[in-house]
Amino acid sequence: MAADANAVFSLYRAFHREIRLLPTNYLRHFYKIKLGDDARALLRVYDLHQRAKRMKRVQKELNNLRLANRGLAIKFDHVLDLAYGRKGKLRWELLEPIMTDPASPLPDPIIPSVQASRPPVLSPELAALMTSNVSHKTKGIPHQHILHPPILPNRADPGSYEARILGPFSKRREVNIRRKYFNDNIRMIYPPLDVGVDREQNPTLHSQERRVDAETLQQAGVRPLALQGLGLFEEVLSLATTGRLLNSDEPAFANHHLSPRFLRRRFISLLRRLPMLTYLHPREQSKKIDGLITRVYTATLSPEQDSLHTNFAHETDVAWFNTIKAEPRARNRRAHAR
1 MAADANAVFS LYRAFHREIR LLPTNYLRHF YKIKLGDDAR ALLRVYDLHQ
51 RAKRMKRVQK ELNNLRLANR GLAIKFDHVL DLAYGRKGKL RWELLEPIMT
101 DPASPLPDPI IPSVQASRPP VLSPELAALM TSNVSHKTKG IPHQHILHPP
151 ILPNRADPGS YEARILGPFS KRREVNIRRK YFNDNIRMIY PPLDVGVDRE
201 QNPTLHSQER RVDAETLQQA GVRPLALQGL GLFEEVLSLA TTGRLLNSDE
251 PAFANHHLSP RFLRRRFISL LRRLPMLTYL HPREQSKKID GLITRVYTAT
301 LSPEQDSLHT NFAHETDVAW FNTIKAEPRA RNRRAHAR
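For the sequence shown, position 211 matches number 211 in full-length UniProt numbering, and the numbering has no gaps at all.
Below is the structure:
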């Protein structure tokens, strides 16, 4: 037991040395909390086999952090994804507040005698994320597919030809198919860090036009998300665009052992995985879906991330390109002249 505890403490110290090398206070703070939770969980496990499995998992995370601190882009993206809830435990904690909708009634159970057979609750925030391409890892799904999954056979409709010929579809299978389709799409969602209110009704939403303060959300009747008010999205945007922290004139990456260009590129890449969830104010913008009035939310990416990837050609490059493009024409003219 003592030897195992010493191995945990050794792993803790090695992990802590790597945490000190991370470039921002938020990353260091997040990984210190994560390391403390992982170490305490290891010490509470008395089964040697289970402890070895968990230590192997923590060791793998330590190796990822070491490679990230050595400048491996894919591992640094993994570090950012964990810290900002693109994967891992924090991702589910960010999704938890929007997995329910207190303003909507519970759907009727598919199997009348089984309360657990109710279809999943679809909140307006969750519907906006599931149907948007920018918050989905692959492609957003149509709203009607959430209510009527395409993998559900036609026989599930009592009035269909298949149901009349083959008989009614199993309710238990319908419950399982609906739940599987919903859960599969939930796993493909990038959760937002906060929710904002747009008062200008501008279709090209800029982050500066979104109000994310508690007073504005309360006036609009919008519930806050898990990391609301911490300014994490604004910090990522500032690091990606200027390389500086919010309200600071000093370069954030100047004294880091990794190059500022590398770190900015990693935060620019993270920005493409951070959707902005915005409530369209006023309430008259709400629309009616399946007989229910639902508020309208939109999921977009920050407009700044597009400009960060746009490389404008210098006039020297344009002149070189025109010269190269004109060479085949001149060669053809000389060939015809001969």
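Heads up, the beta-carbon is just placed ideally off N, CA and C, and yes, glycines get one too. Remember, predicted model here, so these are calculated numbers, not experimental data.
Run of the beta strand (DSSP E) containing residue i, from where it starts to where it stops
i	result
residue 46	Neither: residue 46 is in no beta strand (DSSP E) and is coded neither H nor E.
residue 276	276-280
Neighbourhood of residue i by C-beta distance below 8 Å, restricted to the same chain and skipping five residues each side
i	result
residue 106	118 and 121
residue 139	133
residue 23	252, 253, 256, 258 and 263
residue 320	none
residue 83	26, 27, 30, 31 and 90
residue 123	98, 99, 100, 101 and 104
residue 35	12, 15, 16 and 19
residue 96	226
residue 62	11, 14, 15 and 18
DSSP three-state assignment for residue i, whether helix, strand or coil
i	result
residue 13	helix
residue 242	coil
residue 168	coil
residue 202	Legend: pLDDT at residue 202 = 48, less than 50; position of this residue unreliable, value from coordinates given subsequently. Note: residue 202 maps to coil in three-state DSSP.
residue 121	coil
residue 367	The chain is shown from 1 up to 338; residue 367 falls before or after that span and cannot be answered.
residue 212	coil
residue 291	Only weak support is given to the placement of residue 291: the predicted model assigns it a pLDDT of 42, under 50, and the question is left unresolved by the model.
residue 196	strand
residue 97	helix
residue 70	coil
residue 189	strand
residue 256	coil
residue 2	In this prediction, residue 2 scores a pLDDT of 46, lower than 50, which makes its location untrustworthy; the coordinate-derived value is nonetheless stated afterwards. Three-state DSSP puts residue 2 in a helix.
Cβ neighbours of residue i in the same chain (closer than 6 Å, five flanking residues each side left out)
i	result
residue 266	76
residue 212	194 and 196
residue 215	none
residue 232	193
residue 137	188
Span of the alpha helix (DSSP H) around residue i
i	result
residue 299	Segment 297-300 is the beta strand (DSSP E) holding residue 299; no alpha helix (DSSP H) there.
residue 263	260-271
residue 73	73-83
Contacting residues, own chain, Cβ-Cβ under 7 Å from residue i (five flanking each side not counted)
i	result
residue 182	120
residue 166	155
residue 47	none
Cβ-heavy atom distance, residue i to the ligand ZN, below 7 Å
i	result
residue 149	This structure lacks the ligand ZN; in fact it carries no ligand of any kind.
State whether the region 157-169 contacts the region 234-247, with contact taken as three or more CB pairs (one from each stretch) at a distance under 8 Å.
no
Would the region 14-21 and the region 40-57 be scored as touching if the rule is three or more Cβ pairs under 8 Å?
no
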